[in-house]
Amino acid sequence: MSSGTTSGRRPIGVRIAGTGSALPDRRLTNADLEKLMTTSDEWIVQRTGIRERRIIDRSQGGSTSQLAADALKAALADARLQATDLDLIIVATMTAEMSCPASASLVANMVGAGNCGAFDLTAACSGFVYGLNVAHDLIKGGSYRTIGLIGADALSTLMDYSDAGRSTAIIFGDAAGAVILKATDDTSKGLLAQAMHSDGKGWKEIYVPRCAQDFPPGVEADAGKFDHVQMNGASVFKFAVGTFPELIEQTLESAKVAATDIDMYVCHQSNHRILTAARERFGVAEDKLYINIDRYGNTVAASVPLCFDELRKSGRVRDGQKVMFVAFGGGLTWGSSLWQL
Ligand code: COA
5 MSSGTTSGRR PIGVRIAGTG SALPDRRLTN ADLEKLMTTS DEWIVQRTGI RERRIIDRSQ
65 GGSTSQLAAD ALKAALADAR LQATDLDLII VATMTAEMSC PASASLVANM VGAGNCGAFD
125 LTAACSGFVY GLNVAHDLIK GGSYRTIGLI GADALSTLMD YSDAGRSTAI IFGDAAGAVI
185 LKATDDTSKG LLAQAMHSDG KGWKEIYVPR CAQDFPPGVE ADAGKFDHVQ MNGASVFKFA
245 VGTFPELIEQ TLESAKVAAT DIDMYVCHQS NHRILTAARE RFGVAEDKLY INIDRYGNTV
305 AASVPLCFDE LRKSGRVRDG QKVMFVAFGG GLTWGSSLWQ L
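Quick note: to get my numbering, add 4 to the position in the sequence shown (first position is 1).
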């Protein structure tokens, strides 16, 4: 384990040494939702591209932290490292079980990571991409050598599976994905460009009220909505359709590379139509923008690392390639992370 400050180091690169993911066994299909609320498979598939999602069973010990720990263990095994090799664990999540301790502390304990640093990072669906930028720069700065970064969320715990919640309950699923970031002497590896943005004025487009004071001005406080995601779907859609291409363009420009130089776009899985619109705008080939939303829905901070793990395991993403990670979400937040693997 190595952390703390040192000076006079030679330049270092950052590599992604391993990936892993975890999914609950329980499937919630569109047909299941048809039994719980007024909706239809046809409506859901046409508007979102989602066919099923996975959800945890809390009565069987399912939780965000458990998913995160399982994903981290898989990533450590992939990187051929032990939990005690980690200097720091970061969990990007908006569904930590408790406000204290952080999920990252629970995860550190579950995987046996000893006394390494551990904290949560909350930027909703952008959390993992924000985390990639933060973890990269912590390593690049020389203070940390090995970081476990996990995106984990269990939005099923914040859903209302009745007609009142049908516009959100159809969208979200539970999952976790993890990466191990490691210092390397190969300085060509690491970030080529990054961006992190927010617009706090847009907070009311996606929020989770806990009490009457949390509702935006003009919206009647309703105790039935406490602890359930409230989302203005049409506004978020508009924001995403505009932001996604802008963000990609800005990141390409700052790295001075063309859209076609990117080997794979790993984008937050929010809606099939949003992803397709962004891909078409840049003339990116269909097989360069990965889509798995049909199987898992929108898994918030887990969606990007879950895609990345599937891509690596299937050999579609390899060392030496350029990969662009992009996400947007509640806050409002949006961010990108362009890597030379
Ligand atoms: N099944 C059937 N009908 C539904 C429904 C459901 N699950 N949810 C809403 N509807 C109805 C609405 O009540 C509305 O009916 P009305 O016209 O009679 O009032 C109609 O369908 C259209 O609703 P609307 O919200 O305008 O649909 P939409 O085309 O905007 O699609 C979303 C809704 C949520 C799928 C879409 O807005 C979206 O994907 N937004 C982005 C969300 C997102 O990405 N969130 C994550 C951010 S990280």
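Where is the CB? At the ideal position from N, CA and C, for every residue including glycine.
Start and end residues, beta strand (DSSP E) containing residue i
i, result
"S341", "337-344"
"T23", "17-26"
"L32", "31-33"
"Y269", "268-271"
"S202", "194-202"
"E56", "56-58"
Cβ separation of residue i and residue j, assumed to be a contact under 8 Å, to the nearest whole Å
i, j, result
"G116", "D91", "That belief does not hold up - the Cβ atoms of G116 and D91 are roughly 15 Å apart, past 8 Å."
"T255", "M200", "The pair is not a contact, with the Cβ atoms about 11 Å apart (cut-off 8 Å)."
"G181", "P28", "About 13 Å separates the two Cβ atoms, so there is no contact after all."
"S160", "D141", "With a Cβ gap of about 33 Å, S160 and D141 do not count as contacting."
"S341", "V133", "5 Å"
"Q325", "D267", "4 Å"
"C129", "A282", "No, C129 and A282 are not in contact; Cβ-Cβ is about 15 Å, not under 8 Å."
"I297", "I54", "6 Å"
"K343", "L195", "The sequence shown places Trp at residue 343, rather than the Lys named in the question. Between L195 and W343 the Cβ distance is about 6 Å, and since that is below 8 Å, they are a contact."
"A259", "A197", "4 Å"
"I48", "R30", "About 18 Å; that fails the 8 Å criterion."
"L315", "Y294", "6 Å"
"T4", "R170", "With the chain covering only 5 through 345, there is no way to say anything about residue 4."
"F176", "T247", "That belief does not hold up - the Cβ atoms of F176 and T247 are roughly 20 Å apart, past 8 Å."
Residue(s) in a DSSP beta bridge with residue i
i, result
"N346", "The chain is shown only over 5 to 345; residue 346 falls outside these bounds and no answer can be derived."
"I93", "A122, G152"
"N302", "F176"
"G181", "S25, G155"
"E314", "Partner(s): none; E314 has no beta bridge."
"Y211", "Q234"
"K186", "R19, T150"
"L293", "Y269"
Contacts around residue i, its chain only, beta-carbon distance under 7 Å, and the 5 residues preceding and following it disregarded
i, result
"A108", "I93, I94, V95, A122, F123, D124"
"V288", "A263, Y269"
"D164", "A173, H232"
"A139", "I94, I151, L153, L185"
"D313", "T23, G24, S25, G181"
"T68", "T97, T99, A100, E101, S107, A156, D157, A158"
"D82", "G22, T23, G24"
"R149", "S6, D91, I143, K186, A187"
"R285", "P249"
"R14", "none"
"G118", "T88"
Neighbourhood of residue i by C-beta, 8 Å cutoff - its chain only, sequence neighbours within 5 removed
i, result
"E209", "M235, N236, S239, V240, F243, G334, L336"
"T10", "Here the model assigns T10 a pLDDT of 46, short of 50, so the residue's position is not dependable, and the following value carries that caveat. G146, S147."
"A35", "D45"
"I16", "I143, K144, G146, A187, T188, D189, T191"
"I345", "Looking at the sequence shown, residue 345 is not Ile but Leu. Cβ neighbours of L345 beyond the five flanking positions: R19, I20, K193, V321, R322, D323, G324, Q325, K326, V327."
"F230", "P213, R214, C215"
Bounding residues of the alpha helix (DSSP H) (the contiguous stretch that carries residue i)
i, result
"R170", "170-173"
"M163", "First-last for M163: undefined, no H or E at that position."
"A331", "Careful: A331 lies outside any alpha helix (DSSP H), inside the beta strand (DSSP E) at 326-333."
"E46", "45-52"
"L80", "68-82"
"V133", "131-144"
"V115", "107-115"
Min CB distance residue i to chain C below 8 Å
i, result
"S239", "The structure shown contains no chain C, having only a single protein chain."
Beta-carbon proximity list for residue i, same chain, < 6 Å, skipping 5 on both sides
i, result
"M5", "The predicted model places M5 with a pLDDT of 46, which falls under 50 and marks its position as unreliable; any figure quoted below should be read in that light. These residues qualify, in order along the chain: D91."
"G65", "none"
"A73", "V111, M114, V115"
"L40", "Y165"
"A33", "Rather than Ala, the amino acid found at residue 33 in this sequence is Thr. So the qualifying residues of the chain are E56."
"R19", "K186, T188, K193"
"P220", "K208"
"C104", "none"
"A75", "G24, S25, A26, I154, A180, G181, A182"
"S202", "G335, T337"
(request) Entirely within the segment 241-291 and at least 3 residues each: give me those beta strand (DSSP E) ranges in chain order. (result) If one requires a minimum length of 3 residues, the beta strand (DSSP E) runs lying completely within the segment 241-291 are 268-271, in chain order.
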